[in-house]
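Using my numbering, you'd call the opening residue of the sequence shown number -4 and step up by one each time. See below for the structure under consideration.
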Amino acid sequence: MTSPEAMQLYPEGTPGHIVERFLQLSSFELVLTDRIVDEVIAALSYPKVQRAARSTVTPEPWFEDVVVSSQLVPGDVEIPRLSDDPDDDQYIAAAVQGRATFVDTGDPD
């Protein structure tokens, strides 16, 4: 996962379709921490994300459905710096803590 601004996590976009599949089929598991959840919720209220969404679905309650279906980990695993943006390392740390098989970030680093 990448920063919420870059994810443009909204129901009608490609990431949204992937998450809808997650919610409907439970074909994979999403690993989140409280910090990641807070960051995404804050980003969903950004005007540029609201404009990009152009959806009839309200993003915050939609994302709450995602959170309820996700594996929440404490987010207290320390990892060496791996990313150009140190804030992005929290996603790798969550994946490690959640024992994720795959990590999809969309970031080149």
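Glycine included, each C-beta is placed from N, C-alpha and C at the ideal position.
Checklist entry - What are the partner residues of L27, as DSSP defines its beta bridges? => result Paired residues: L67.
Item to check | Endpoints, the alpha helix (DSSP H) within which Y86 is located | outcome: In the DSSP assignment, Y86 falls within the unbroken alpha helix (DSSP H) covering D84 to Q92.
Checklist entry - Given that a residue counts as buried once 16 or more other Cβ atoms are within 10 Å of its Cβ, and exposed if not, what is E0? => result With a pLDDT of 42 at E0, under the threshold of 50, the modelled position of that residue is not reliable, and no figure is offered here.
Next on the checklist: Can you confirm whether the stretch 51 to 67 touches the stretch 18 to 37 when touching is taken to mean that 3 or more C-beta pairs between the two stretches lie within less than 8 Å?
Outcome noted: Touching, per the Cβ criterion.
Item to check | Sequence-distant residues of the same chain with beta carbon closer than 7 Å to V32, five excluded per side | outcome: Taking V32 as the centre and dropping the five residues before and after it, the same chain places the C-beta of V62 closer than 7 Å to its C-beta, in chain order.
Checklist entry - What residues in its chain sit with their C-beta under 7 Å from that of A89, if we drop five residues either side in the sequence? => result Here the set comprises V26, L27, T28, I31, V68 and G70.
Item to check | Member of T96, S65, R76 and V44 whose CA lies at the smallest distance from the CA of L18 | outcome: The shortest CA-to-CA distance from L18 to any of T96, S65, R76 and V44 is the one to S65.
Checklist entry - Q45 and V72: beta carbons closer than 8 Å? => result Between Q45 and V72, the C-beta spacing is not below 8 Å.
Checklist entry - Is the CB of D79 under 8 Å away from at least one CB in chain D? => result The chain labelled as chain D is not found in the depicted structure, where only one protein chain is given.
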